[in-house]
Structures are given as structure tokens and as C-alpha cells.
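Remember, our numbering sits 1 above the position in the sequence shown when you count from 1.
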Amino acid sequence: MSSLADKGIVIIGSGPAGISAALYAHRSGVKTTVIGKDGGALMKTDEIENYYGFPETITGKELVDRGISQAKRLGVNVIQDEVVGLGFDSKLLIKTAGNEFEADAVILATGASRQTPKIKGLSDFEGSGVSYCATCDAFFY
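Quick look at the structure:
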């Protein structure tokens with residue numbers, strides 16, 4: 002029987018859900034790799050005031066960067082690349098734009114994509130006046 006240290010997990014997505022999963026997997030003794038192409042929608046968030054543990058506002062980019070730094074400091078392998086396919090042979094195969102990885106398990110933490118109205122110039126104001134979360138951002142407006 003193999004130990005947890007012999008097992009490897011790949012987490013697809015480097016946002017808060019993916020990094021949180023990586024921290025727990027790593028702490029349980031599993032060899033952990035996170036693959037993410039970017040910080041997702043959170044990177045466009047200008048101010049976060051409702052996240053536990055931050056007495057002052059923080060940007061989405063800062064929150065993502067801190068999470069990734071914490072994971073790296075603890076020994077999680079974090080790779081910036083785009084996953085383009087999943088397969089299975091004797092192990093799970095994760096194909097990225099530039100490489101291929103094997104894993105015993107995969108966690109998908111890719112977030113959600115949102116439908117936005119097709120309004121010229123809208124993307125220029127996302128996170129700076131255009132908001133998609135009434136619960137999170139209504140206070141600011």
C-alpha cells in the first residue's frame with residue numbers, strides 16, 4: 002500500500018478555492034501542484050472589504066498574490082499555464098499549453114465565467130464602477 006506522500010494531486014485553478022484546496026492537500030502530506038493561467042475575475046476587483054482577517058481594504062490582485070505566496074512558502078508547486086485537456090492512462094493526465102503532468106487526483110477550481118452585456122467600453126470600468134456582486138459591492142455605491 003502506498004503512503005500519501007507517494008500520491009500526487011493537481012489542482013486546476015489558482016484563485017482562492019484552488020489555493021485553499023492546495024493548502025489542505027499539502028498539509029495532509031500529498032504532493033500538490035496548482036496550475037492556473039491567471040487570477041480570474043478576482044484580479045479585476047479594486048477593493049475588498051468583507052474578507053476575514055483584513056482590517057483594511059485589499060485589492061483582488063493582492064489577495065490572489067498573498068495566497069499564492071503562502072502556498073509556495075509551504076512547498077506547493079504553483080505553475081502558471083493554461084490547462085487545455087484532461088485524460089487518463091494509468092494515471093490522470095493534465096495537458097497544458099506547454100507541458101503534461103500526471104496525477105492520482107485532480108481538483109477543478111476554475112471559478113465561473115459570467116455573461117456580461119455587450120456594451121462598448123464596459124470592460125474598462127470593471128472593478129472601478131461596474132460591479133456584478135450586489136451583496137459584495139453595493140456598499141461602495
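From the three backbone atoms N, C-alpha and C, an ideal C-beta is built for every residue, glycine too.
The residues Leu43, Met44, Thr46, in chain order, have a CB closer than 6 Å to that of Gly61 in the same chain once the five nearest residues on each side in sequence are set aside. With respect to the C-alpha of Asp90, the residue from Asp82, Ala98, Glu103 having the closest C-alpha is Glu103. Excluding sequence positions up to five before and after Ala98, its CB lies within less than 7 Å of the CB of Asp82, Glu83, Val85, all in the same chain and listed in chain order.
Under DSSP, the beta-bridge partners assigned to Phe102 are Ile95.
Closest in C-alpha terms to Ala113, from the list Gly16, Gly9, Ile12, comes Gly16.
Residue pairing by DSSP places Leu109 opposite Ile13 in a beta bridge. In this structure, DSSP gives Lys73 a helical state, which the three-state scheme calls helix. In the three-state reduction of the DSSP assignment, Gly19 falls in the helix class.
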